[in-house]
Amino acid sequence: MTEYTVKTHGLTKQFGTKIALNALDLQIEKGGIHALIGSNGAGKSTLFRILLGFETPTSGSSTLLDIDSQALTPEMRGKIGYVNEEHTLPNWMNAASLTKMQKKLYPLWNQNVYDNVIENFDVAPDQKIAGLSRGERAGLNLATALAQSPELLILDEPTLGLDVVAKQAFLEALLFIGTENESTIIYCSHQMEEIERVADSLIILERGEVKNQSTPDDFCERIQYWIANFYGKAPDINDIKAALSVKNIEGQTHIICLDQQIGYREYLASIGASDAVEVPINLDNAVNAFLAKNHKRSQSKLIVGA
Amino acid sequence: MTKIVALALQIVPGDARPIFRQIVDGIREDIANGKLPVGSKLPSVRGLAMQLTVNANTIAKAYNELVCQGLLESHKGLGMFIAKPTQLLSDEAQENCLKAAIASFNNAVMYLDYSAEEMTEQLLNELKKLNRD
Amino acid sequence: MFELFKAEFNRYKKYAMGIFVILMGFLIFLNRIMPLLEFDTEYQFIQVCLFGALFGIVQFALLKRKNSWTYLIHRPMSEFKIHTALVAAGVLIVFIAAVLPFLIMVISIDIVSSVGDYRHYVYCLNILMLAMVSYFIGSYVVLSPNWGALLMFPMVLYMHVSVPNSIGLSLTTDMVILVAVYYLSARSFKANANKHLTKKSEMIVAVLMMNLSLSVLVFLSQVLIYHMPLYIMGTHPDINVVKDSYQSLWDMSEKEQIRYIIDQSNLEKYSETEQLLARVKEKSGDSISASVEITPFRGQLYNKDLQNYLIDAHLGIKWTFSHDEMLLIGQHMKNGRMMGYLGKTGFVDRISEQDRFDVVPTFKSNRFIKTDDEIYFVKFDEVKLGLIFQLPEGEKFMTKLEYKLKDLFVAVSSNKSLYLFDSVNFTNEQILAVPSHIINHPNSLGRKYFLNYINLTDGRLFNYRSESYFGINKAGANLIVANNDGSVDYIAEMQFAKNRYPDWVEYMFYWISPIVNGSLFSIIDGLYEPHDIRYVQIDNFWEIKLPRNVVSLGIIFLIFSSVITYWMAGKIEISKSGRYFWTIMALIFGLPGLVSFFLLNHWLEYIRRGRVLNH
């Protein structure tokens, strides 16, 4: 039987008239690095807040390490690391006193991990946290979060604003605890090249629903990029089967489509393409096209609704 | 114990190919240009994952693909080794592959200032490195 | 837990020290102008409450910012422990910044002063409790999902102004309120702070803490629904005085008033009205205080008993009353030397038991010392103290001593009578003064009388009047003549036929919450503050006879509140027992209970969502 760290069942959250999560059914397996992506307002932060018990769902339920997230005990919180996108830390403390406090709080504190991560950042122990740059702050926060040896680590946009060296150090640490501690890492980001490198699974959240849950490569394979020449005017995006995006570049029509591994060339010919070639697409472009389509759909829906 | 060879692989961000494909292609290239002779031992999945800062599953997937292509062989408990070339493709696929390779070779040398003889000679030298008799 | 406490304390340490230094400087400066312990301490009340409340709000508002909150809560520590660490740091900060400077000043003053009563420290405890209650309410305002908790701040005012007659009762009240607001703060400290409290005990405490403000707010709504519209239409009874109401006296001259009261009198018809009117010296009168004097009791918070000393200006000695010793202690104002004691028996060098006063006296004109039933006269130049008046057995002084210089008489009231003295004979410390007249009060002084007099050619005409002369909202007035020959004539006593306002306005306080405000609190208040005449007193609570239409109104609104609550509770996600609970609360608390229901439940969210789902 597969064990899950996160399970949600029909999880719905409504803020006034806005629906942040829409009957979300999500299972995240134990172990591995899971990247959660979605455009702004897709419900990622709301999901984290509900999972950690900071919001009550409007309906549905969720568990974290098999415990109802509305009833997390201090012990459970000790096993779950959470890093928010602002890298909130007590500004009035210095790095040394912060780690001293955390060490007392977390019995599984791993000083090696802390030292390994922090050495990539220029953080002196006696330095006031308020005086750290965003990158240094992130480093300190991630170092403390990773050193807690969490069973589950939830990271909300951890690498935003980090320089190349820092990002590399962070990714290494992430891989390290992912493999050494067999921790589960759920990680929300907009940095596709990072996700492609480190993530075991890619979860795409759109308008409060799960739109994809697979390995990044498998997701890439769902997306195809075709360049076609049409006689006369190219058809509208809505008239092309499974098209996520259609662009006209110097007379050629660039089509990104979903789940069309076989027979698409023939299909394109049937709708009037004189010739078509498939070109490779990387994760970044695939995800962008995937998200952009949903964006447009929701917008057009709004217009229709109005 | 066989020494592990150093893999000079580089993951290029923004490359249109997925990472596992970049690894597969990179290793193939090194085999082709003789940097990885038959029988040399490759880093472990974990080791290479750490080296490249890439998820271990991705490395495993790349190795698997290379095993399927017959370029690598896995010796239980010992690791990954460069295999003796064996032919696993159908005749038709083999022909297509060769055609594609020649097409891309032509494409690359089109405007170079070498005579056909000079190029053939060099090509033959390179092919010899692949242990072709 | 200690680590978190330390971290939180360090966060504000510098600011607290800064305020400490500023306040210390301010207090030293004040003490230069005038002895610090003689200052009216209202500023201090405002200062500690404001600081406590603001700090509670700021501290928790900073913690409650979305990401700070998750960072704070998401750690292997129970919410209770986190809260404990935070409020322990908070209370320490409040103590250092708001209370400690004063405490240090008091200690340093008491070391050199002759009177270092323990009540100075009780006062420090009291302001600490005020600050803590403000602090906890401040934290609860931030931690609870809406602004309803702001309605609890008047509880601090209530703690400050209520005058229970023992220090134990006073501190107990403070303690009960402190525990209640701490409880609310601790219980509302939970991961999901947007959720209302759900336990019934928590909700009851919250409703109780808000009831005072809500009652006042609901009561004040009469301004909107009654006074303002009527003022705008020009038909308000304050503009168009209702004939035969208490206020109709305002429009009459003195003589008209006398004639009117005699005409309406319930007593045997007075036959010499014209002769009486002829004796009146118009516009020669004045008023005498008939309001109950709130006298200090032993151990009273010192700030409620500031005029507790006499000054011997000639010798430069200040005689301060010590609550610990129950007599006055003299100290030279220049060199600080002890100058002996002034007790019941006079000036002494050593204290013996019979010197001590039985109750804390009040002082008047730097010459009179008044206890419960005795008045003493001090003559500093002759170093003498004499008993000049003693009330008969069973009577107690209820008002302050009034010296009417212009009309040469002295007036003071006991619980039964008004005593008048000739001022010339009053200050002879050798003999007991004999009252020139003893006038019986119409009823208990708790009925808020106004007592006026007009001089007559051969005596004085006294007039008691009150809007509750015959009980709540039963206005009346009387006329009594004190003749110069010492006789007293009770001439007239009348009840006004009409009230200024319609019954529903006059009795609004009762019908908006007949059970809690109308009955329960009136009884408790009567027990709790026997002096307090702002509300009904225990001895006449049972005399309240509400008009039948007010009783009906009370019942209608109780039913209205509970029906609305029951209906509304059916619309929102609430357990069955929760629904019954709130219905019963509305039944008990009346309209304030109904408002509490809306403040303590997520009804708006459900209504909004319902609208979306129905769409």
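Protein chains in written order, with the working numbering: chain A, 138 to 443; chain B, 922 to 1054; chain C, 3 to 617. All C-beta atoms, glycine included, are put in the ideal place defined by N, C-alpha and C. Note that this is a predicted model, so its numbers are computed, not measured.
What does the Cβ neighbour count give for aspartate 119/C, buried or exposed, with the cut at 16 atoms within 10 Å? Taking the first residue of the third sequence as 1, we reach residue 119/C at position 117. Buried.
Could you tell me how far apart the beta carbons of tyrosine 324/A and leucine 277/A are, in whole angstroms, since I believe they sit closer than 8 Å? As a working mapping, residue 324/A is identified with position 187 in the first sequence. As a working mapping, residue 277/A is identified with position 140 in the first sequence. Rounded, the Cβ-Cβ distance is 18 Å, inconsistent with contact.
Residues, ordered as in the chain, of the region 9-31 of chain C that lie near chain A by beta-carbon distance below 7 Å: Within the region 9-31 of chain C, the qualifying residues are Ala9, Asn12 and Arg13.
Residues of chain C with CB closer than 9 Å to the CB of methionine 329/A, please, in chain order. Position 192 of the first sequence, counted from the first residue, corresponds to residue 329/A. Here the premise fails: no neighbours, minimum Cβ distance about 25 Å.
Quick check on this structure: which residue in Asn12/C, Trp252/C and Ile290/C has the alpha carbon closest to the alpha carbon of lysine 408/C? Taking the third sequence and counting its residues from 1, the one referred to as residue 408/C is at position 406. Checked all of Asn12/C, Trp252/C and Ile290/C; the closest Cα to lysine 408/C is Ile290/C.
DSSP three-state call for glycine 175/A: helix, strand or coil? Position 38 of the first sequence, counted from the start, is the residue given in the question as residue 175/A. Glycine 175/A sits in coil when the DSSP states are folded into three classes, being neither helix nor strand.
Provide the residue span of the alpha helix (DSSP H) that contains asparagine 659/C, from first to last. The first residue shown for chain C is 3 and the last is 617, placing residue 659/C beyond what the model contains.
Could you please tell me which residues of the region 346-358 of chain A, in chain order, have their CB closer than 9 Å to any CB of chain B? Within the region 346-358 of chain A, the residues whose Cβ lies closer than 9 Å to some Cβ of chain B are Thr352, Pro353, Asp354, Cys357 and Glu358, listed in chain order.
Spell out a yes or no on whether the region 923-941 of chain B and the region 975-988 of chain B are touching, meaning 3 or more CB-CB pairs, one atom from each, closer than 8 Å. Result yes; three or more Cβ-Cβ pairs closer than 8 Å.
Would you call the region 362-370 of chain C in contact with the region 282-302 of chain C, where contact means no fewer than 3 C-beta pairs closer than 8 Å? Touching, per the Cβ criterion.
Please list, in chain order, all residues of the same chain as leucine 74/C whose beta carbon is under 7 Å from its beta carbon, the five residues on each side excluded. Translated into positions along the third sequence, residue 74/C becomes position 72. Around leucine 74/C: Leu65 and Ile84.
Along the region 184-205 of chain A, where does the CB come closer than 8 Å to a CB of chain C? Name the residues. Flagged, chain order: Arg186, Leu189, Gly190, Phe191, Glu192, Thr193 and Thr195.
In its own chain, which residues sit with a C-beta less than 6 Å from the C-beta of leucine 1044/B, not counting the 5 before and 5 after it? Taking the second sequence and counting its residues from 1, one reaches residue 1044/B at position 123. So the list is empty, once near-sequence residues are dropped.
What does aspartate 337/A reach in chain B if we use C-beta pairs closer than 8 Å? As a first step, residue 337/A is located in the first sequence; it is residue number 200 there, counting from the start. For the C-beta of aspartate 337/A, the chain B residues within less than 8 Å are, from N- to C-terminus, Asn976 and Asn978.
If we count Cβ pairs, one from each stretch, closer than 8 Å, do we get three or more for the region 438-450 of chain C versus the region 475-486 of chain C? The answer is yes - the region 475-486 of chain C touches the region 438-450 of chain C, with three or more Cβ pairs under 8 Å.
Between the alpha carbons of arginine 967/B and phenylalanine 258/A, how many angstroms are there, rounded? Here residue 967/B refers to the residue found at position 46 of the second sequence. Here residue 258/A refers to the residue found at position 121 of the first sequence. Going by the C-alpha atoms only, they are around 25 Å apart.
Near phenylalanine 382/C, what residues of its chain come up, given a Cβ to Cβ distance below 6 Å and the 5 sequence neighbours on each side ignored? Translated into positions along the third sequence, residue 382/C becomes position 380. Excluding positions up to five away in sequence, the list reads Asp314.
What in chain B is Cβ-close to proline 417/A, meaning under 7 Å? Sequence index remark: in the first sequence, residue 417/A carries index 280 (1-based). What proline 417/A touches in chain B: Ala937 and Arg938.
Who are valine 220/A's beta bridge partners in DSSP? Reading the first sequence from its first residue, position 83 is the one you call residue 220/A. Residue pairing by DSSP places valine 220/A opposite Leu292/A in a beta bridge.
Pick out the complete alpha helix (DSSP H) segments inside the region 234-316 of chain A, 4 residues or longer, and give them in chain order. Listed in chain order, they are 248-255 and 271-284.
Roughly how many angstroms separate the alpha carbons of valine 23/C and serine 141/C, rounded to a whole number? Translated into positions along the third sequence, residue 23/C becomes position 21. Translated into positions along the third sequence, residue 141/C becomes position 139. Distance from the CA of valine 23/C to the CA of serine 141/C, rounded to the nearest whole angstrom, comes to 25 Å.
Under a Cβ-count criterion, where at least 16 other Cβ atoms within 10 Å of its own Cβ denotes burial, should glutamate 333/A be classed as buried or exposed? Locating residue 333/A in the first sequence gives position 196, where the first residue counts as 1. Flag for glutamate 333/A reads buried.
How big is the Cα-Cα spacing for leucine 3/C and alanine 90/C? Start at 1 with the first residue of the third sequence, and residue 3/C comes out as number 1. Start at 1 with the first residue of the third sequence, and residue 90/C comes out as number 88. Reading the sequence as shown, one finds methionine at residue 3/C and not leucine. Pairing methionine 3/C with alanine 90/C, the inter-Cα distance amounts to about 10 Å.
Do tyrosine 304/C and histidine 122/C have their C-beta atoms closer together than 9 Å? As a first step, residue 304/C must be located in the third sequence, where it is residue number 302. As a first step, residue 122/C must be located in the third sequence, where it is residue number 120. Cβ distance < 9 Å, so tyrosine 304/C and histidine 122/C count as in contact.
Counting only beta-carbon separations shorter than 9 Å, does lysine 1020/B have a partner in chain A? Numbered from 1 along the second sequence, position 99 holds the residue referred to as residue 1020/B. Interface criterion not met: the Cβ of lysine 1020/B is under 9 Å from no Cβ in chain A.
May I have a chain-ordered list of the alpha helix (DSSP H) segments no shorter than 4 residues that lie completely inside the region 336-400 of chain A? The region 336-400 of chain A contains these whole alpha helix (DSSP H) runs: 353-359.
Given that a residue counts as buried once 16 or more other Cβ atoms are within 10 Å of its Cβ, and exposed if not, what is aspartate 81/A? Not covered by the structure: residue 81/A. The range shown for chain A is 138 to 443.
Contact between the region 247-256 of chain A and the region 207-215 of chain A (3+ Cβ pairs under 8 Å): No, they do not touch.
For a cutoff of 9 Å on Cβ pairs, would you count threonine 316/A as touching chain B? Residue numbering aside, residue 316/A sits at position 179 when the first sequence is read from its first letter. Taking 9 Å as the threshold, the shortest C-beta distance from threonine 316/A to chain B falls below it.
Residues of its chain near arginine 536/C, where Cβ-Cβ distance is below 8 Å and the 5 sequence neighbours each way are ignored: Translated into the one-based positions of the third sequence, residue 536/C becomes position 534. Reliability fails at arginine 536/C, whose pLDDT of 41 lies under 50, so the model's placement of it is uncertain and the value that follows must be treated cautiously. Result list for arginine 536/C: empty, nothing under 8 Å.
Using three-state DSSP, classify aspartate 491/C as helix, strand or coil. Position 489 of the third sequence, counting from 1, holds the residue named residue 491/C. Three-state result, aspartate 491/C: strand.
Going by C-alpha distance, which of Thr390/A, Gly197/A and Arg359/A is nearest isoleucine 399/A? In the first sequence, counting from the first residue as 1, residue 399/A sits at position 262. Here the closest residue by C-alpha is Arg359/A.
With distances taken Cα to Cα, identify the nearest neighbour of tyrosine 509/C among Val553/C, Leu522/C and Ala477/C. To locate residue 509/C, count along the third sequence from 1; it is residue 507. Ranking the options by Cα distance to tyrosine 509/C, first place goes to Val553/C.
Along the region 948-978 of chain B, what residues have a CB closer than 9 Å to any CB found in chain A? Against chain A - using a Cβ distance shorter than 9 Å - the residues of the region 948-978 of chain B are Arg967, Ala970, Met971, Leu973, Thr974, Val975, Asn976, Ala977 and Asn978.
What's the call for aspartate 176/C, buried or exposed, on a 16-neighbour Cβ count within 10 Å? The residue you call residue 176/C lines up with position 174 of the third sequence. By the beta-carbon neighbour count (other beta carbons within 10 angstroms, threshold 16), aspartate 176/C is buried.
Given 8 Å as the limit, is there contact between the region 339-355 of chain C and the region 395-403 of chain C, that is, 3 or more CB pairs closer than that? The region 339-355 of chain C is not in contact with the region 395-403 of chain C.
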